[in-house]
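S.K.: Chains as they are written, first to last, in my numbering: chain A, 3 to 208; chain B, 2 to 142.
(1) Would you call residue 36 of chain B buried or exposed, if buried means 16 or more other Cβ atoms sit within 10 Å of its Cβ?
(2) Using DSSP bridges, identify the partner residues of residue 90 of chain A.
(3) Hey, quick one: how far does the alpha helix (DSSP H) through residue 114 of chain A stretch, first residue to last?
(4) Would residue 2 of chain A and residue 60 of chain B qualify as a contact pair, given that the criterion is a beta-carbon distance under 9 Å?
(5) Take residue 81 of chain B and list the residues in its own chain whose beta-carbon comes closer than 7 Å to its own, dropping the five residues that flank it on each side.
(6) Give the residues from the region 61 to 95 of chain B that approach chain A closer than 8 Å (Cβ to any Cβ), ordered along the chain.
(7) Quick one: list the residues of chain B neighbouring residue 160 of chain A, beta-carbon separation under 7 Å, in chain order.
(8) For the alpha helix (DSSP H) holding residue 79 of chain B, just list the boundary residues, first then last.
(9) What number of angstroms, rounded off, separates the C-alpha of residue 3 of chain B from the C-alpha of residue 52 of chain A?
(10) Helix, strand or coil for residue 84 of chain A? Go by DSSP, reduced to three states.
(11) For a test of the three-state rule: what should DSSP assign to residue 164 of chain A, helix, strand or coil?
(12) Taking DSSP as the reference, what is the three-state secondary structure of residue 26 of chain A?
(13) Quick one: give me the first and last residue of the alpha helix (DSSP H) that residue 63 of chain A is part of.
(14) Could you check the C-alpha separation between residue 59 of chain A and residue 49 of chain A for me, to the nearest Å?
(15) Spell out the partners DSSP gives residue 102 of chain A in its beta bridges.
(16) Could you tell me the distance, in whole angstroms, from the CA atom of residue 78 of chain B to the CA atom of residue 187 of chain A?
(17) Grab me the residues of residue 120 of chain A's own chain with a C-beta within less than 6 Å of its C-beta, minus the 5 sequence neighbours each way, in chain order.
(18) Evaluate the contact criterion for the region 97 to 117 of chain B versus the region 51 to 59 of chain B: three or more CB pairs, one atom per stretch, below 8 Å.
(19) Assuming residue 14 of chain B contacts residue 208 of chain A under a Cβ cut-off of 8 Å, what Cβ separation, rounded to an integer in Å, is found between them?
(20) Taking Cβ-Cβ distances shorter than 8 Å, what residues in chain B pair up with residue 52 of chain A?
(21) Helix, strand or coil, according to DSSP, for residue 47 of chain B in the structure here?
(22) Which stretch, first to last residue, makes up the beta strand (DSSP E) that contains residue 122 of chain B?
(23) I'd like the list of long-range same chain contacts for residue 135 of chain B, defined as Cβ closer than 8 Å, with 5 residues on each side in sequence excluded.
(24) Excluding five sequence neighbours on each side, which residues of the same chain lie with their C-beta closer than 6 Å to the C-beta of residue 110 of chain B?
(25) To which residues of the same chain is residue 57 of chain A closer than 8 Å at the C-beta, ignoring the five residues directly before and after it?
(26) Given a threshold of 16 other Cβ atoms within 10 Å of its Cβ, counted over all protein chains shown, does residue 1 of chain A qualify as buried or as exposed?
(27) So residue 74 of chain A and residue 205 of chain A are supposed to be a Cβ contact under 8 Å. How far apart are they, rounded?
(28) Who are the neighbours of residue 182 of chain A on chain B, taking C-beta pairs under 8 Å?
(29) Check each residue of the region 83 to 101 of chain A: if its Cβ is closer than 8 Å to any Cβ of chain B, include it; give the result in chain order.
(30) Can you tell me which of the three DSSP states residue 70 of chain B falls into?
(31) Under 9 Å between C-beta atoms, does residue 132 of chain B make it to chain A?
(32) So which residues of chain A does residue 15 of chain B contact, with C-beta pairs closer than 8 Å?
(33) What distance in whole Å lies between the Cβ atoms of residue 27 of chain B and residue 133 of chain A, which are believed to be in contact at a cut-off of 8 Å?
(34) Quick check: the Cα distance between residue 139 of chain B and residue 120 of chain B, rounded to an integer number of angstroms?
(35) What does the Cβ neighbour count give for residue 157 of chain A, buried or exposed, with the cut at 16 atoms within 10 Å?
(36) Please report how far the alpha carbon of residue 81 of chain A lies from the alpha carbon of residue 151 of chain A, in whole angstroms.
Structure, rendered in C-alpha cells:
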C-alpha cells in the first residue's frame, strides 16, 4: 500500500512539474529583441500593456533604440560610411497580412522605423531607398536633419588616420588593406580569396 | 542593430529592425536589416524571427524566413534558431551573427555562431511569466 501511495505521489509530482514546465516555457503576449537593449524592450512591453498593437510595440520599441542610439549601432550618429555619413536601414512586418514597409540607405531622417511603417501604411511598395526615401519621409512629416554627431565624426577621422582600415573593398588598386581610396579595378585582376574572419563585432553589426 | 519580434495574445505576430549598418561601409551599401526574411520575418500562422550580425553574409541565407519555416513545421524556437545558424556555418564558419525566434504559442529562443570574442549572445524577453523585461543569455554554437 505504501509503495502504491509513493508511486501515486511521484506520478502526481511528475504531472505538476510537466504542467509548470510547459507554462514557464510559453505564455502570450511575448516580445523579444536582439541584444540587451532594455529600454527598447520596456518601451515595446509598455505599448502592449497599454493596449497598443503588436506593430505599435515593434515600431515604438525599435524607435526607442533609435533615440537612445543603442550601442552606437542603431540610429543617428553611428557607423559612418566611407564618406563619413550615417545612413539608416529599417523594416517592419505585419504577420497577419504579410505587409512589409522598409527603408534602406535612408539619409537625414532619424526615425527610420517610423518611416518604414509609413511605407507600409501609405504606399503599395515594400522598400524605398536613399535620398528618395528621405523625400518620402519629409512628405510624411518627418524632419530632415543632420545625422552626424561629434562621435561619428571622430570615428570617421580615426578611420581616415588609420589608412581607412578596416574597409570592404577587395581586388582593387591601390591595395585596400593598406591605403585609402579612391580605388579602381586593376589592369590585371588577381582575385584574393574572400576574407574569412568577419570585421564585424558587437559594436559594428547589422 | 535592433531586431524585434512581438506576438500578441491571439498569436498576431509583428517584427521589425532598425540599424545604422556597418561602420565604414561603401556608400550605398545596405545590409540584411531592411530585407524581409533576412533581417526579420513574421507570420502569424507560425511565429517570428530576427537576425543580427554580419548582414553581408546573413542576408544571403534568409535566416529569419528559414527560422519561421522551421517553426511552422513544429520545430522548437531554440532549435529553429540553431538550425539556421548551422546552415550558415557550413558556408561561412567564422561569420558573426545571431538569431532570435518565437512561435505563436509564446515559446522563444536564440542561437549564435561562436567565434573568438563572441561566445554568448544577450537578448531581451518580455512575457507575463516575467515580472519585467528580462535579459537572457545563450551560449553560441
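All C-beta atoms, glycine included, are put in the ideal place defined by N, C-alpha and C.
M.R.: In short, the structure shows the following:
(1) buried
(2) In the DSSP output, where bridge partners are listed per residue, residue 90 of chain A has A/108.
(3) Start and end: 114 to 124.
(4) Coverage of chain A is limited to positions 3 through 208, which leaves residue 2 of chain A absent and any answer about it impossible.
(5) 68, 71, 72 and 102
(6) 93, 94 and 95
(7) Result: empty, since nearest Cβ-Cβ is about 10 Å, beyond 7 Å.
(8) Here the alpha helix (DSSP H) through residue 79 of chain B covers 78 to 92.
(9) 22 Å
(10) coil
(11) coil
(12) Its pLDDT being 40, under 50, residue 26 of chain A is placed unreliably in this model, and the value from its coordinates should be taken loosely. Three-state DSSP puts residue 26 of chain A in a helix.
(13) 56 to 70
(14) Each residue's alpha carbon lies about 5 Å from the other.
(15) A/95
(16) 45 Å
(17) 142
(18) Enough Cβ pairs lie closer than 8 Å, so yes.
(19) Incorrect: roughly 21 Å between the Cβ atoms, too far for contact.
(20) Correct list: empty, because the minimum Cβ distance to chain B is about 13 Å.
(21) coil
(22) 121 to 127
(23) 125, 126 and 127
(24) 78, 79, 82 and 102
(25) 94, 96 and 119
(26) Within the shown structure, residues of chain A are numbered from 3 to 208, placing residue 1 of chain A beyond reach of any answer.
(27) 6 Å
(28) Going along chain B, no residue has its Cβ under 8 Å from residue 182 of chain A, so there is no contact; the nearest lies around 11 Å.
(29) Residues 83, 84, 85, 87, 88, 89, 90, 91, 92, 93, 94, 95, 96, 97, 98 and 100.
(30) helix
(31) no
(32) 55, 56, 57, 59, 60, 94, 95, 96 and 97
(33) Separation of the CB atoms of residue 133 of chain A and residue 27 of chain B is rounded to 17 Å, and the pair is thereby denied contact status at 8 Å.
(34) 9 Å
(35) Burial state of residue 157 of chain A is buried, judged by a 10 Å Cβ sphere holding 16 or more other Cβ atoms.
(36) 11 Å
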